[in-house]
DNA sequence: ATTTTTAAATAACATATGTTATATAATATA
DNA sequence: TATATTATATAACATATGTTATTTAAAAAT
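Residue numbers (the numbering used here), protein chains in the order written: chain V, 12 to 201; chain Z, 12 to 201.
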């Protein structure tokens, strides 16, 4: 009973996501979403208690998108996949990525601490990383995490050299990984 | 003639800078600056046509602060100094640094293109970088630029390992530079 | 066909902020 | 000392936005 639903929760989140990607998360307003959907603000308030709840739902959507990308890039080597996936997210959703760098509170924070042990474990299985102590592996991981973040930030801000392709980015990520690992081997005299 | 000036342009910019560092650039409002100075908004509008002009002045102040840091870190090796200075800025003015990553439009954009040739020239004078082609030097520079940005972003977001000191940051920057250079040498069979 | 339910629209209210017009009062100058 | 100047305060206005109360009307239930 009652009229058909014309504006769903998903549709609202979709619209918010689009605004976030084009104008930034802080530019999201109830009226702007409504206008973009061709509705009033009423349907939004039916689906969300307030703007904070809507933005929480948006964050969940963003996380789900980044998980989807990670899934698509999965090759069985998390150490490698996470770098590629994060880079792809930064390129495809650059405005949102930049917003996340600022509001890293919930999203990025804790992420490293949680991932670290699993990644170290994964690295220990990698033949190319044979013979390293956990401490050495941690350093290699940290260096690559730093490089990958820098690459993503520069890519999201279009600050890489002109004509730099996605493949170039993947190549330099891989090349630097080689640099770091090779040097670590040299240092321990392998 | 007229009462003494109680609130100068510099004082206003100082106050805006403090708000930018504690709450972010977007949290700056005329009333907030006034309240923090213990004045009304009137002195602000005497010194600035509008809020955009004030924020432009703030940007100039930010650039001048970063220049000052670069000056303080100068050792004659720009390739090295810029990395250290940028890192120090990210640590000391983390909130502003994060804002700059987003609003990189004027600040970061063009920066690389302008600096690149001068840095390459500087690198050619460095004995440790002897024998590399310009193309190889460009790659080394880009890799280090990427690493330095990543390190600065992670530092500004407190995403480096717990207890990570400033010296640790400088050390890992330097260690990675060694990695990249050593590997480049290996590649060309030196 | 009438009534009930409820999704959506509308409009109002509250608050935050930029901005400006006017009033106040401190200081220099005559 | 009286006057002119002007830095500052005050208050009002405009706009943007979150939020809510009320109205409208479409669909189901009777």
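All C-beta atoms, glycine included, are put in the ideal place defined by N, C-alpha and C.
Check                                                                                                                     : Outcome
Rounded C-alpha distance that separates residue 192 of chain Z from residue 86 of chain Z                                 : 20 Å
Pick from Z:40, Z:123, Z:15, Z:173 that is closest to residue 94 of chain Z, judged by C-alpha positions                  : Z:123
Min CB distance residue 69 of chain Z to chain V below 7 Å                                                                : no
Same chain, Cβ closer than 6 Å to residue 20 of chain V, neighbours up to 5 away in sequence not counted                  : 58
Contact under 7 Å by Cβ, residue 44 of chain V with residue 27 of chain V                                                 : yes
Proximity test, Cβ basis, 7 Å: residue 194 of chain Z and chain V                                                         : yes
Members of the stretch 102-117 of chain Z near chain V, C-beta cut-off 8 Å                                                : 109, 110, 112, 113, 115
Alpha helix (DSSP H) segment containing residue 27 of chain V, residue limits                                             : 20-34
Cβ neighbours of residue 188 of chain V in the same chain (closer than 7 Å, five flanking residues each side left out)    : 155
Simplified DSSP assignment, three categories, for residue 168 of chain Z                                                  : coil
Opening and closing residue of the alpha helix (DSSP H) in which residue 100 of chain Z lies                              : 89-103
Chain Z within 7 Å of residue 158 of chain V, Cβ atoms only                                                               : yes
N- and C-terminal bounds of the alpha helix (DSSP H) containing residue 140 of chain Z                                    : Careful: residue 140 of chain Z lies outside any alpha helix (DSSP H) and carries neither H nor E.
Sufficient close CB pairs (3 or more, under 8 Å) joining the stretch 157-168 of chain V to the stretch 128-143 of chain V : no
At least 3 beta-carbon pairs within less than 8 Å: the stretch 95-113 of chain Z vs the stretch 29-48 of chain Z          : yes
For residue 17 of chain Z, the nearest candidate out of Z:30, Z:49, Z:40, Z:25 (CA to CA)                                 : Z:49
is_contact[residue 125 of chain Z, chain V] using C-beta, thresh 7 Å                                                      : no
Nearest-angstrom Cα separation, counted from residue 174 of chain Z out to residue 75 of chain Z                          : 30 Å
DSSP three-state assignment for residue 16 of chain Z, whether helix, strand or coil                                      : coil
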